[in-house]
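Protein chains in written order, with our numbering: chain X, 1048 to 1288; chain Y, 895 to 1367.
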Amino acid sequence: MQLDFVNRELTIKLVYYGPALSGKTTNLQALHKAAAPGASGRLMTLETKDDRTLFFDLLPLTFRNQGSLAVRLKVFTVPGQVIHASTRRLVVQGADGIAFIADSRAAETQHNTESFMDLRENLKQHGLTLRQMPLIIQFNKRDMPDVRSDAEIADLASKGREPVYLAVATRGVGVVESMIGLLHLTWSALDAEHDLNKKFGFDPKAFLAQVAQKLGNPKPIPEILQACVGGALDVLRPEAG
Amino acid sequence: MLPPAAAKTFDELTLGHGVSLEDLIDRDALGEMVKSFYDLFGVPLRIFSEEGKLLGDAADQIPLYTFLNTVKAGRNVLAEVASKVKNLALGEDGMASYPCATGEHYRVAAIQYDGKRIGRMILGPFVTPAQVETPAALLALDPALDAARLHELFRAMPRAEDDSVVKLSRHLGRTLDLLLFSGHRALLTSNMHLASVRESFRELSDKNDKLQTAFDRLKELDRLKSNFLATVSHELRTPLTSIIGYSEMLVEGLAGEMTGEQREFVQTIRDKGEQLLQLIKGLLDLSKLESGTMSLRKSQTEILGLLRDVSQTMAPTARKKEVELQVDVENGLPLIWADAERLRQVFLNLTENAIKFTPAQGKVTLSARLTAIDAARPEDAGGVVILSARRTAIEFRVADTGIGIPESERGRVFDAFYQVDSSSTREVGGTGLGLSIVRRLIDGHDGTVRIIDNTPKGAVFIVTIPVRRATIG
Chain X
1048 MQLDFVNREL
1058 TIKLVYYGPA
1068 LSGKTTNLQA
1078 LHKAAAPGAS
1088 GRLMTLETKD
1098 DRTLFFDLLP
1108 LTFRNQGSLA
1118 VRLKVFTVPG
1128 QVIHASTRRL
1138 VVQGADGIAF
1148 IADSRAAETQ
1158 HNTESFMDLR
1168 ENLKQHGLTL
1178 RQMPLIIQFN
1188 KRDMPDVRSD
1198 AEIADLASKG
1208 REPVYLAVAT
1218 RGVGVVESMI
1228 GLLHLTWSAL
1238 DAEHDLNKKF
1248 GFDPKAFLAQ
1258 VAQKLGNPKP
1268 IPEILQACVG
1278 GALDVLRPEA
1288 G
Chain Y
895 MLPPAAAKTF
905 DELTLGHGVS
915 LEDLIDRDAL
925 GEMVKSFYDL
935 FGVPLRIFSE
945 EGKLLGDAAD
955 QIPLYTFLNT
965 VKAGRNVLAE
975 VASKVKNLAL
985 GEDGMASYPC
995 ATGEHYRVAA
1005 IQYDGKRIGR
1015 MILGPFVTPA
1025 QVETPAALLA
1035 LDPALDAARL
1045 HELFRAMPRA
1055 EDDSVVKLSR
1065 HLGRTLDLLL
1075 FSGHRALLTS
1085 NMHLASVRES
1095 FRELSDKNDK
1105 LQTAFDRLKE
1115 LDRLKSNFLA
1125 TVSHELRTPL
1135 TSIIGYSEML
1145 VEGLAGEMTG
1155 EQREFVQTIR
1165 DKGEQLLQLI
1175 KGLLDLSKLE
1185 SGTMSLRKSQ
1195 TEILGLLRDV
1205 SQTMAPTARK
1215 KEVELQVDVE
1225 NGLPLIWADA
1235 ERLRQVFLNL
1245 TENAIKFTPA
1255 QGKVTLSARL
1265 TAIDAARPED
1275 AGGVVILSAR
1285 RTAIEFRVAD
1295 TGIGIPESER
1305 GRVFDAFYQV
1315 DSSSTREVGG
1325 TGLGLSIVRR
1335 LIDGHDGTVR
1345 IIDNTPKGAV
1355 FIVTIPVRRA
1365 TIG
């Protein structure tokens, strides 16, 4: 997070993490497509080869006129391929919130696990733990054959802390919901740490509603937040300390 | 020269607080673009960074301004205009217009990137086409200025409609945005590339350091182990020598006659003591071999005699186990350069092992024949043409018809204390020291040892030792 007091502007860094080809870039493309003109800048894709991310993608989203504070979201993806470990570590540094994009296909389960361990290890290198990090998990590619069943995911999600979303990023399904869930968690964590709502007279609910609106989802926020299975969206504040 | 952004962090470059116009765009290229813009539309154009640094300028000297500069009042007016325009406060839309008292106009527009103002463009001076009359303020500036000349120069001022200039500035803004985006992308790519390489290097260096530390520690432990073995074997041997010596004296009746049973007991003590002594000697050998303090006393050694001696020594053991022991040595073998005593130890050990693992009615064969080996070692396999000088060697084989050694174990049986069957219920005893000593002794003779299957069953240990000492050059 970067706070520019002079211009009353807050920049939040969100990172989309996950195994190779799980649909991180597709999520950003879907957000970019859904965003109202003016809310989103150009989607920057760095050095791709055969549609594979080499460094990262970056989507800037800006939401102004909210209370007295403008909020800029910088949404990054990491390169999923195993060999880009050092790039992932660089990109994830300073993240305020993380969306873990998992591949729903049963055959990809092992890759999801490895990537998640890699995330944990990279956070550790920056002196962070998964517990401290606002995190949502998205099971993408729900439209593919041989995916893990809804019941299986719901069952596992009910045992975990992180809100879990089901998505088909290629069709934009579940993409905005995942983003709103992540933003909700991230804002709560940042507010707990920096007391932003009070300092800037900021209304997080109105802010989330504005973001959802600008991303083309006019549903009421509680309804959007309910799109997740399992996890604990209401446990907003990470443990003190 | 590196752009100023080269030293900026990833966060500064991506979170948008550290990127400046100069970081993202090449100054020369910007100058060319501004010039081409001026050539096309005829409206003077200058581009400043957010800090007020001039980055691009395309305006021929305006003849009217040159003329005004000749008088003090004119100079003052122009200086005031320049300063006001440069610091003009821009509206919400990032635009502002400045009409000069002397009739010409300026249009100022913010250069924005990623929602932030990072510079401004100044278009002008220009005069609207409708403005035909020379403004009174211009004519009244200084009586010294020739009015006819002023009329003429004012008519020659660059002409444009204000809303056209607004459109021009928007178009220029969009063009610049594209250039800035590409510049930002290229900057991030090169920056990320460097950072990734640096990060990978750091990671590898860390791992190397850890490996080196672990390696050093292992080496130290290995040295301690060898020292420990040497010390312990030595310390064990001393009292054991007394035990054996005194039991021998008892058996020989030096302390008085013993009953048959007493003699038998003492004999057992002596035998077991002897066995223990051999074991300790083995340990001592191993530690000497490992620490490199064992010296081999090599001389010209005769092979047939050596193997016959081994066979004779092992004959009683073989007879007891009802295993046939046979020696088969090719005629006319040359002498080899070896430590006869150590070589004898090698074959005693291998033969003893072979008998141990061969069931009754089995057969153990000791053989030797002449062969040749490549002088080049496998590790310097290059230059075979040059290095393929062959060395004459003797190939010894100790073949048995026993239980054999599985392929997967063959590399490990030469490790100290290794047992193929390490279960406590194994049928055949041993410390696992023998073969590790064998291998080190063979190494000491510049030789090799390997294991192959015997048909139909059993194992063959093949020891190859060069006939002559290795010569260098």
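Idealized CB from N, CA, C, for every residue including glycine.
Residues sharing a beta bridge with residue i, DSSP
i	result
residue 1344/Y	1356/Y
residue 999/Y	993/Y and 1020/Y
residue 1014/Y	942/Y and 1004/Y
residue 1018/X	Examination of residue 1018/X is not possible in this model, given that chain X is present from 1048 through 1288 alone.
residue 1187/X	1150/X
residue 1123/X	1062/X and 1105/X
residue 1291/Y	1261/Y and 1356/Y
residue 1177/X	Beta-bridge pairing links residue 1177/X to no other residue.
residue 1230/Y	1195/Y
residue 948/Y	942/Y
residue 1145/X	1062/X and 1182/X
residue 1266/Y	1286/Y
Pairwise C-alpha distance: residue j and residue i
i	j	result
residue 1004/Y	residue 1068/Y	11 Å
residue 1249/Y	residue 1216/Y	9 Å
residue 1058/Y	residue 1078/Y	30 Å
residue 1043/Y	residue 998/Y	17 Å
residue 1101/Y	residue 1242/Y	46 Å
residue 1011/Y	residue 1268/X	33 Å
residue 1275/Y	residue 1297/Y	For residue 1275/Y, the predicted model reports a pLDDT of 46, less than 50, meaning its position is unreliable; a value from the coordinates is still stated below. Using only the alpha carbons, I get a separation of about 35 Å.
residue 896/Y	residue 1150/X	Its pLDDT being 42, under 50, residue 896/Y is placed unreliably by the model, and nothing is read from it.
residue 1282/Y	residue 1347/Y	Reliability fails at residue 1282/Y, whose pLDDT of 44 lies under 50, so the model's placement of it is uncertain and the value that follows must be treated cautiously. Approximately 28 Å, taken between the alpha carbons.
residue 1354/Y	residue 1190/Y	26 Å
residue 1187/X	residue 1204/X	14 Å
residue 1181/Y	residue 1097/X	59 Å
residue 956/Y	residue 1051/Y	7 Å
residue 948/Y	residue 924/Y	11 Å
residue 944/Y	residue 1242/X	32 Å
residue 1127/Y	residue 1218/Y	35 Å
residue 964/Y	residue 975/Y	16 Å
residue 1270/X	residue 1208/X	20 Å
residue 1044/X	residue 1071/X	Residue 1044/X lies beyond the stretch modelled for chain X, which goes from 1048 to 1288, so this question has no answer here.
residue 940/Y	residue 1016/Y	5 Å
residue 1319/Y	residue 1246/Y	Because residue 1319/Y sits at a pLDDT of 45, beneath the cut-off of 50, its placement in the model cannot be relied upon, and the following sentence gives the value as read from the coordinates. Spanning the two alpha carbons is a distance of roughly 21 Å.
residue 1238/Y	residue 1211/Y	16 Å
residue 1098/Y	residue 1272/X	43 Å
residue 1341/Y	residue 1208/Y	24 Å
residue 1246/X	residue 1052/X	11 Å
Candidates the options, of which the one nearest residue i by Cα
i	options	result
residue 1193/Y	1046/Y, 1361/Y and 1093/Y	1361/Y
residue 1213/Y	1256/Y, 1181/Y, 927/Y and 1061/Y	1256/Y
residue 927/Y	908/Y, 937/Y and 952/Y	952/Y
residue 904/Y	1178/Y, 1113/Y, 1287/Y and 1093/Y	1093/Y
residue 1048/Y	1181/Y, 1022/Y, 1036/Y and 1056/Y	1022/Y
residue 1164/X	1129/X, 1229/X and 1268/X	1129/X
residue 1056/X	1200/X, 1250/X, 1222/X and 1110/X	1110/X
residue 1176/X	1185/X, 1142/X, 1217/X and 1200/X	1142/X
residue 1060/X	1232/X, 1158/X, 1222/X and 1100/X	1232/X
residue 1101/X	1039/Y, 968/Y, 985/Y and 1086/Y	1086/Y
residue 1141/Y	1160/Y, 1307/Y, 1125/Y and 1117/Y	1160/Y
residue 1146/X	1229/X, 1126/X and 1076/X	1229/X
residue 1029/Y	1007/Y, 994/Y and 1056/Y	994/Y
Quick check: the region 1161 to 1169 of chain Y against the region 1183 to 1191 of chain Y, are there 3 or more CB pairs under 8 Å?
-> In the pairwise beta carbon analysis, the region 1161 to 1169 of chain Y is classified as not touching the region 1183 to 1191 of chain Y: fewer than three pairs are separated by under 8 Å.
Inter-stretch contact at 8 Å, needing at least 3 Cβ pairs: the region 1151 to 1165 of chain Y / the region 1203 to 1222 of chain Y | As far as the Cβ criterion goes, the region 1151 to 1165 of chain Y does not touch the region 1203 to 1222 of chain Y, which means the pair count is below three.
Okay, do the region 1161 to 1169 of chain X and the region 1255 to 1274 of chain X touch, 3+ Cβ pairs below 8 Å being the bar?
-> Segment contact: the region 1161 to 1169 of chain X against the region 1255 to 1274 of chain X, fewer than three CB-CB distances shorter than 8 Å; contact not assigned.
Interface positions of the region 1086 to 1109 of chain X facing chain Y (Cβ-Cβ less than 9 Å), listed along the chain | Flagged, chain order: 1088, 1089, 1091, 1092, 1093, 1094, 1101, 1102, 1103, 1105, 1107 and 1109.
Kindly confirm or deny that the region 1182 to 1198 of chain X and the region 1136 to 1154 of chain X touch, where touching means at least three C-beta pairs closer than 8 Å.
-> With the cut-off at 8 Å, the region 1182 to 1198 of chain X and the region 1136 to 1154 of chain X touch.
Residues, ordered as in the chain, of the region 1055 to 1087 of chain X that lie near chain B by beta-carbon distance below 8 Å | Among the protein chains in the structure shown, which are X and Y, there is no chain B.
Of the residues that make up the region 1121 to 1148 of chain X, which ones have a beta carbon closer than 9 Å to any beta carbon in chain Y?
-> Within the region 1121 to 1148 of chain X, those residues whose Cβ lies closer than 9 Å to any Cβ of chain Y are, in chain order, 1121, 1123, 1131, 1132, 1133, 1134, 1136, 1137, 1138, 1140 and 1141.
Just checking, does the region 928 to 937 of chain Y make contact with the region 1106 to 1125 of chain Y on the three C-beta pairs under 8 Å criterion?
-> Contact between the region 928 to 937 of chain Y and the region 1106 to 1125 of chain Y is absent, with fewer than three C-beta pairs closer than 8 Å.
Residues of the region 1075 to 1088 of chain Y with Cβ closer than 8 Å to any Cβ of chain X, in chain order = Taking a C-beta cut-off of 8 Å against chain X, the contacting residues of the region 1075 to 1088 of chain Y are 1075, 1078, 1079, 1082, 1083, 1086 and 1087, listed in chain order.
Which residues, in order along the region 917 to 932 of chain Y, keep a beta-carbon less than 7 Å from a beta-carbon of chain X?
-> Those would be none; no residue qualifies.
Check whether the region 1215 to 1224 of chain X touches the region 914 to 923 of chain Y, counting contact only when three or more Cβ pairs, one atom from each stretch, lie closer than 8 Å.
-> Fewer than three pairs of CB atoms, one per stretch, sit closer than 8 Å, so the region 1215 to 1224 of chain X makes no contact with the region 914 to 923 of chain Y.
Between the region 972 to 991 of chain Y and the region 1027 to 1042 of chain Y, are three or more C-beta pairs nearer than 8 Å?
-> Cβ pair count under 8 Å is below three, so no.
Residues in the region 1098 to 1120 of chain Y with C-beta within 8 Å of chain X's C-beta atoms, listed in sequence order?
-> Result list empty, no residue passes.
Pull out every residue of the region 1001 to 1035 of chain Y whose Cβ sits closer than 8 Å to any Cβ of chain X, in chain order.
-> Listed in sequence order: 1008 and 1009.
Going along the chain, which residues of the region 1059 to 1072 of chain Y sit with their C-beta nearer than 8 Å to a C-beta in chain X?
-> Listed by position along the chain: nothing, the set is empty.
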